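Novice:
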Amino acid sequence: MNIEVLFPEIANLYGELANIKFLVDGNKTYNVISSSLGREPAFVRKNPDFLYMGAMTEKSQELVINNLMPYRDKLWELIQNGTFILLTGNSGEVFLNEILDEDNNLSIEGLGLIKGMAKRRMMHRHNSLYLGKCNIDGVERTDIVAFKSQFTSTVYGEDYMPLFSTTRGFGRGLIDGSDEGIRLNNFMCTDLLGPLLILNPYFTKGLLSAMGEKNPNLPFFDVAIDVYERRLKEFNEPDRGFTY
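Counting from 0, one number per residue, gives the positions in the sequence shown under numbering that gives the first Met the number 0.
1. Verify whether the separation of the beta carbon atoms of threonine 151 and glutamate 92 is less than 9 Å.
2. Are the beta-carbon atoms of glutamate 39 and isoleucine 107 separated by less than 9 Å?
3. Mind checking isoleucine 174: buried by the 16 CB within 10 Å criterion, or exposed?
4. Looking only at its chain, what residues have a beta carbon closer than 6 Å to the beta carbon of methionine 187, apart from the 5 residues adjacent to it on each side?
5. In terms of residues, what are the limits of the alpha helix (DSSP H) holding valine 226?
6. On the DSSP bridge list, what partners appear for alanine 160?
7. By alpha-carbon positions, which one of Ile224, Thr203 and Gly81 ends up nearest to leucine 183?
8. In the DSSP assignment, the alpha helix (DSSP H) including aspartate 72 goes from what residue to what residue?
9. Just to confirm, is the Cβ distance from glycine 111 to tyrosine 155 under 9 Å?
10. Is there contact here, the segment 193 to 210 with the segment 129 to 148, by at least three beta-carbon pairs under 8 Å?
11. Apart from the five residues just before and just after isoleucine 99, which ones in its own chain have a Cβ nearer than 8 Å to its Cβ?
12. Taking C-beta to C-beta, are phenylalanine 83 and phenylalanine 42 nearer than 9 Å?
13. Going straight from the alpha carbon of leucine 67 to that of tryptophan 75, what length do you get?
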């Protein structure tokens with residue numbers, strides 16, 4: 000499997016590159032390709048099996064948009080052809096039509112591959128827990144646990160399936176109980192952090208299975224399951240606060 004990581008030098012806010020480390024440490028046959036700023040991304044010449052980008056600073060979002068804009072049509076081709084793509088944290092915002100900085104009355108043009116807008120307010124950070132469910136075929140346990148930490152709220156077009164349905168917490172637009180993220184073919188975009196794949200080993204194993212991996216091997220899987228079960232129990236406690 001060829002895994003391409005976009006801009007790892009800047010898209011690692013909150014340690015999100017650990018998602019990839021979790022995937023590859025137990026699978027020596029996986030080939031990780033890092034596409035850096037200022038260079039032609041690897042996906043331009045060879046389609047990856049899995050394309051990933053993690054959270055970044057607001058300034059880095061502009062750098063990423065500028066670097067990906069020449070390859071916009073190729074990215075759309077990957078989405079349409081069913082390439083597995085996962086964007087976590089605020090990385091999905093660069094794929095939208097616009098990022099609106101409401102504090103400075105500034106509009107930043109996005110790639111426009113996904114219909115929607117992210118509204119940024121730097122003095123209004125949102126931090127919360129998240130509990131939801133996924134409906135991806137092959138995921139043995141559908142419960143999802145994660146975290147949110149963001150300055151933005153996102154409004155998507157109406158024609159996208161949610162990636163997760165929310166049990167407790169804040170989904171799209173930071174609305175309590177709303178669906179979280181979007182899914183278009185195998186394109187998956189979510190504001191959730193964690194790192195998401197480490198916190199949700201069943202989801203990760205199911206995702207690999209959906210990519211065609213018959214016996215996916217994840218490092219310290221038993222430990223990851225134990226921690227997942229403990230966190231799931233905690234997030235289901237009736238008096239557990241979800242914002243902090």
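Ideal Cβ positions, reconstructed from N, Cα and C, are used throughout, including at glycine. All figures in this text were calculated on a predicted structure; none of them were measured in a lab.
Specialist: Judging by the given coordinates:
1. yes
2. no
3. exposed
4. Leu85 and Leu162
5. 220 to 234
6. One detail in the question is off: residue 160 reads as methionine in this sequence, not alanine. Paired residue(s): Arg182.
7. Gly81
8. 71 to 79
9. no
10. yes
11. The sequence as given places leucine at residue 99; isoleucine does not occur at that position. Leu105, Ser106, Ile107, Met116, Ala117, Lys118 and Arg119.
12. no
13. 11 Å
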